[in-house]
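Visitor: Pasting in a structure now, in structure tokens, and then I'll have a few things to ask.
2 protein chains.
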Amino acid sequence: MVAIGCRGHEDGRRRVGRRRRSSRPAQAGGDISASPRPATLRDVAALSGVAVSTASRALTRPGRVSGETEARVRAAAEQLGYAPSGPARALLSGRTGVVALVVPDVTNPFFFSAVRGTQSRLRQGRFAHLLVDTEESPAAEERALRDLRGTVDGAVLAGARLDDERLAHWARELPIVTINRSQPTDHVVVDTPGGAVQALQHLVSLGHRRIGYAGGPPTSWSDGRRRAALAEAAGRLDVDLVDLGSHVPRREGGALVADAVVTAGVSGVVVFNDLLAFGVLARLAERGVVVPDEVSVVGCDDVFGADLVRPALTTVAVPSERAAYLATDLLLNRLEGTRTTDAAPPPPLPTHLVVRGSTAPAPRP
Amino acid sequence: MVAIGCRGHEDGRRRVGRRRRSSRPAQAGGDISASPRPATLRDVAALSGVAVSTASRALTRPGRVSGETEARVRAAAEQLGYAPSGPARALLSGRTGVVALVVPDVTNPFFFSAVRGTQSRLRQGRFAHLLVDTEESPAAEERALRDLRGTVDGAVLAGARLDDERLAHWARELPIVTINRSQPTDHVVVDTPGGAVQALQHLVSLGHRRIGYAGGPPTSWSDGRRRAALAEAAGRLDVDLVDLGSHVPRREGGALVADAVVTAGVSGVVVFNDLLAFGVLARLAERGVVVPDEVSVVGCDDVFGADLVRPALTTVAVPSERAAYLATDLLLNRLEGTRTTDAAPPPPLPTHLVVRGSTAPAPRP
DNA sequence: CGACGTGTGGCAAACGTTTGCCGCATGGTT
DNA sequence: AACCATGCGGCAAACGTTTGCCACACGTCG
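As given, the protein sequences belong to chains A and B, one line each in that order.
In terms of this note's numbering, the first sequence has 29 at position 12, counting the first letter as 1, and numbering is strictly consecutive.
In terms of this note's numbering, the second sequence has 93 at position 76, counting the first letter as 1, and numbering is strictly consecutive.
Laid out in structure tokens, this is it:
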């Protein structure tokens with residue numbers, strides 16, 4: 018059979034390429050649930066006896082068509098189970114109604130909060146939520162960003178692992194808001210350095226004079242800032258701050274930290290991450306070191322589980338869900354033109370120390 | 018100014034509607050990073066001196082064009098930072114390359130595993146991952162499904178809250194795979210009833226004769242199946258099984274359960290959910306009831322934190338990440354035509370009891 | 001030397017929606 | 001009665017890509 022010259026079912030236009038999946042419009046009455054092909058606006062228009070453009074307006078421009086027509090079109094749409102095609106809309110408008118959340122590791126409970134915060138703001142804005150895990154790899158992050166552009170209206174980057182230059186580049190390609198990363202783009206930062214200093218002060222007030230800091234990945238922007246703030250505070254408070262190295266922020270990494278704690282002979286330790294801190298607690302218990310009697314441990318993030326572990330973890334509570342919410346809010350405002358890029362960045366979100374059972378007065382030497 | 022009759026910049030086609038965002042193609046040389054408009058295939062074609070169709074083929078049909086042309090087009094694409102438009106592709110092909118994961122509550126750590134499993138399979142298939150939270154509401158679930166159709170190639174439903182009839186309806190509208198729900202569609206089920214029975218046997222072997230079951234939401238399919246399995250096993254093992262009611266599967270719900278445990282005078286309890294079990298543990302401790310000496314508690318799911326809490330929770334380990342992986346695998350195979358809908362369903366995934374510190378021999382009365 | 005196959009590139013339709021412009025009809029105003 | 005404003009609906013282009021068909025230019029074989 019030849020495609021050329023064969024007539025369409027109603028408009029007589031020639032069709033090339035893949036044949037229509039079905040040349041009949043979705044059946045008008047009866048069981049619509051078995052319709053193999055989703056109804057299009059054309060079907061709706063045909064059923065209600067108006068032009069496609071009118072059908073479109075009836076559904077999206079309240080008041081633009083007469084009440085009677087609108088009712089007829091709506092009824093037809095309802096009957097056919099019509100839902101507009103996202104891609105078609107996106108193609109024309111350039112907006113997909115989708116926002117991506119890019120995280121380095123979906124496994125980390127910290128990023129669960131990011132998921133929640135983003136999700137809750139996106140729901141309000143009727144946006145859909147694309148989730149991308151870059152597995153801590155800057156290359157994967159960049160690939161994701163490339164593919165995302167055009168598929169997505171904007172992206173929230175939590176814990177971006179890209180270097181500044183590449184990040185700036187992509188921020189020019191699509192709307193980006195970062196969390197915990199100050200950049201030539203919009204961002205929300207959480208004052209974890211302030212929290213770390215609070216943790217240090219807490220330990221000092223308990224009589225600790227020799228305190229360790231167990232850091233996270235070198236690519237983490239927050240880690241660098243915390244190190245600096247801690248060093249400054251340690252100088253001011255006149256205590257010894259011992260660098261316990263960089264660690265993979267997972268429970269497995271904690272064993273190494275625990276051993277370093279013992280070796281370095283510190284009586285208290287501030288740990289990059291609750292996850293890491295859980296590992297520290299487990300390993301110290303294994304080695305027979307009693308927390309908090311012999312060593313005090315402070316975590317960071319106050320993730321799910323911090324109050325479950327025994328002793329319950331003293332930790333810097335980070336409003337991460339709120340941060341993600343705000344970041345998404347910023348992004349959406351920018352997408353809707355409510356906010357311009359050069360508006361003042363929001364102030365850092367405050368953190369606070371939650372004192373639980375893993376810290377206590379320093380042991381008498 | 019009039020649009021009609023005004024000539025386009027190169028093809029002489031009339032243009033109506035929104036003016037082109039910029040009539041020049043993205044600049045050929047120099048700083049491409051500042052390009053305000055993403056490069057299209059037309060730009061690539063123009064730069065390499067071929068037709069759009071040829072450019073398309075050069076990039077997607079290896080061997081269809083001469084090697085020399087392909088190289089030229091690839092170079093141009095590279096130079097312009099070209100990335101194909103997802104929506105445009107989707108519109109024509111009917112495939113978006115996106116799969117949705119629909120969960121009732123992103124807050125629940127159990128669903129985090131679903132996120133991970135889905136994510137890891139989707140990555141292999143080069144699919145993107147849309148995350149939808151229905152907040153335990155069947156209505157929201159249905160709305161999501163409606164909007165999803167056309168925007169998404171298929172959906173994985175973990176813990177669907179829709180009734181059978183509606184679910185069957187939507188399964189006809191778009192490819193759906195469910196987790197823990199046997200349906201006239203593809204599905205992966207986890208043998209939690211078997212696990213619950215294991216838990217019961219464990220308690221019985223420890224000497225417990227009066228055992229409670231604290232259930233989850235009535236809309237949960239798994240909950241119903243577990244109840245049945247437990248009732249049967251209790252009869253067979255000749256022990257008293259006490260129904261402790263239906264509960265919201267969160268920590269907050271645990272207080273109620275704990276009180277019911279005390280009131281009902283059971284010495285052991287099987288709880289719908291680890292989350293709920295955490296709440297039970299906390300409340301029992303608050304009331305001065307010692308676990309496991311006075312009451313034994315078994316959870317379900319083995320979520321993050323089950324080994325952190327004290328006493329560590331004895332629980333039914335559920336391979337939820339694997340279940341999500343398999344469900345996604347089923348879906349992708351179906352999308353790629355590797356699998357037909359009427360193929361045999363995979364067998365239930367086995368569960369096993371992880372015995373930790375929250376269970377012990379029944380107290381002597 | 002002509003017929004034919006093969007390799008390569010172009011034309012233009014099609015996917016489903018939105019929207020600028022135009023035309024028609026109706027009702028109100030001078 | 002002629003004119004104008006307004007309301008409503010239709011036409012058709014446009015978004016960016018893919019792809020069936022065709023056209024052209026070779027080279028080879030009879």
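Every residue, glycine too, gets a C-beta built ideally from N, C-alpha and C.
#1: Residues in its own chain within less than 8 Å of G282 of chain B by CB, not counting five upstream and five downstream?
#2: Give a yes or no on whether the C-beta atoms belonging to N290 of chain A and C317 of chain A are separated by under 8 Å.
#3: At 7 Å on the CB atoms, spell out the chain B contacts of L349 of chain A, in chain order.
#4: So, with DSSP's three-state summary, where would you put S375 of chain B?
#5: Under 6 Å Cβ to Cβ from R415 of chain B, same chain only, skipping five residues before and after it: list those, please.
#6: I want to verify the contact list: residues of chain B whose CB lies under 7 Å from the CB of G167 of chain A, in sequence order.
#7: Could you tell me whether the Cβ of A131 of chain A comes closer than 8 Å to any Cβ of chain B?
#8: Which of helix, strand or coil does DSSP assign to H186 of chain A?
#9: Is DSSP giving D170 of chain A helix, strand or coil here?
#10: For S52 of chain A and A185 of chain B, I'd like the C-alpha separation in whole angstroms.
#11: Under the rule that 16 or more other beta-carbon atoms within 10 Å means buried, what is S154 of chain A, buried or exposed?
#12: Specify, as a first and last residue, the run of the beta strand (DSSP E) that S313 of chain A falls within.
#13: Would you kindly work out how many angstroms separate the C-alpha atoms of L293 of chain B and N197 of chain B, rounded to a whole number?
#14: Beta-carbon of P126 of chain A versus every beta-carbon of chain B: anything under 8 Å?
#15: Enumerate in chain order the residues of its own chain whose CB-to-CB distance from H225 of chain A is below 6 Å, with the five nearest sequence positions on each side excluded.
#16: Hey, V98 of chain A and A56 of chain A: beta-carbon distance below 8 Å or not?
#17: CB A360 of chain A to CB T135 of chain A, shorter than 8 Å?
#18: Report all residues from its chain with a CB closer than 8 Å to the CB of A107 of chain B; omit the five preceding and five following residues, and keep chain order.
#19: Can you tell me whether G84 of chain B is helix, strand or coil according to DSSP?
#20: Please list, in chain order, all residues of the same chain as G271 of chain B whose beta carbon is under 6 Å from its beta carbon, the five residues on each side excluded.
#21: For the region 323-340 of chain A and the region 258-273 of chain A, state whether three or more C-beta atom pairs, one from each stretch, are separated by less than 8 Å.
#22: At a Cβ cut of 7 Å, what residues of the region 327-352 of chain A count as close to chain B, listed as they run along the chain?
#23: Take G374 of chain B and list the residues in its own chain whose beta-carbon comes closer than 6 Å to its own, dropping the five residues that flank it on each side.
#24: Can you grab the Cα-Cα spacing for the pair G66 of chain B / E152 of chain B, in whole Å?
#25: Would F144 of chain A pass as an interface residue toward chain B - the criterion being a Cβ-Cβ separation below 8 Å?
#26: Just to make sure I have the definition right: I need the residues of chain B whose C-beta is within less than 7 Å of the C-beta of L325 of chain A. Which are they?
#27: List the DSSP bridge partners of Y230 of chain B.
#28: Residues in its own chain within less than 7 Å of V82 of chain B by CB, not counting five upstream and five downstream?
#29: Please confirm whether Q141 of chain B and L370 of chain B have their CB atoms less than 8 Å apart.
#30: Strictly by DSSP, which residues pair up with T225 of chain B?
#31: So, at 6 Å on beta carbons, what are the nonlocal neighbours of L191 of chain A in its own chain, with the 5 sequence-adjacent residues on each side left out?
#32: Let me confirm a value: R78 of chain A is counted as buried when at least 16 other C-beta atoms fall within 10 Å, else exposed. Which label applies?
#33: Among B:L254, B:R244, B:V205, B:V307, whose alpha-carbon lies nearest the alpha-carbon of A177 of chain B?
#34: Okay, do the region 227-240 of chain B and the region 252-265 of chain B touch, 3+ Cβ pairs below 8 Å being the bar?
#35: Just curious, the beta strand (DSSP E) that V120 of chain B is in, first and last residue?
#36: From the DSSP output, in three-state form, read off A340 of chain B for me.
Guide: Inspection of the coordinates gives the following:
#1: R227
#2: yes
#3: Those do not exist, as L349 of chain A stays about 17 Å from chain B at its closest Cβ, beyond 7 Å.
#4: coil
#5: Outside the shown range of chain B (18 to 382) lies residue 415 of chain B, about which nothing can therefore be said.
#6: P55, A100, S102, G103
#7: no
#8: helix
#9: coil
#10: Caution applies to S52 of chain A, whose pLDDT of 47 falls short of 50 and renders its modelled position unreliable; the model cannot decide the point.
#11: exposed
#12: It spans 313-318 - the beta strand (DSSP E) in which S313 of chain A sits, taken as one unbroken run.
#13: Our two residues, L293 of chain B and N197 of chain B, have alpha carbons roughly 19 Å apart in a direct line.
#14: yes
#15: S284, G285, A379
#16: One point to set straight first is that residue 98 of chain A is Gly, not Val, in the sequence displayed. Taking 8 Å as the Cβ cut-off, G98 of chain A and A56 of chain A qualify as a contacting pair.
#17: no
#18: T113, G114
#19: helix
#20: Correct list, in chain order: L293, G296, V297, R300.
#21: no
#22: Listed in sequence order: R327.
#23: P328, A329
#24: 53 Å
#25: no
#26: F295, G322, L325, V326
#27: The bridge partners DSSP lists for Y230 of chain B are B:D260, B:V287.
#28: T71, R74, A75
#29: The beta carbons of Q141 of chain B and L370 of chain B sit no closer together than 8 Å.
#30: Strictly speaking, residue 225 of chain B in this sequence is His, with Thr absent from that position. Answer is none; H225 of chain B lacks a bridge partner.
#31: Counting only Cβ-Cβ distances below 6 Å, and skipping sequence neighbours, we find R166.
#32: exposed
#33: B:V205
#34: yes
#35: 115-120
#36: helix
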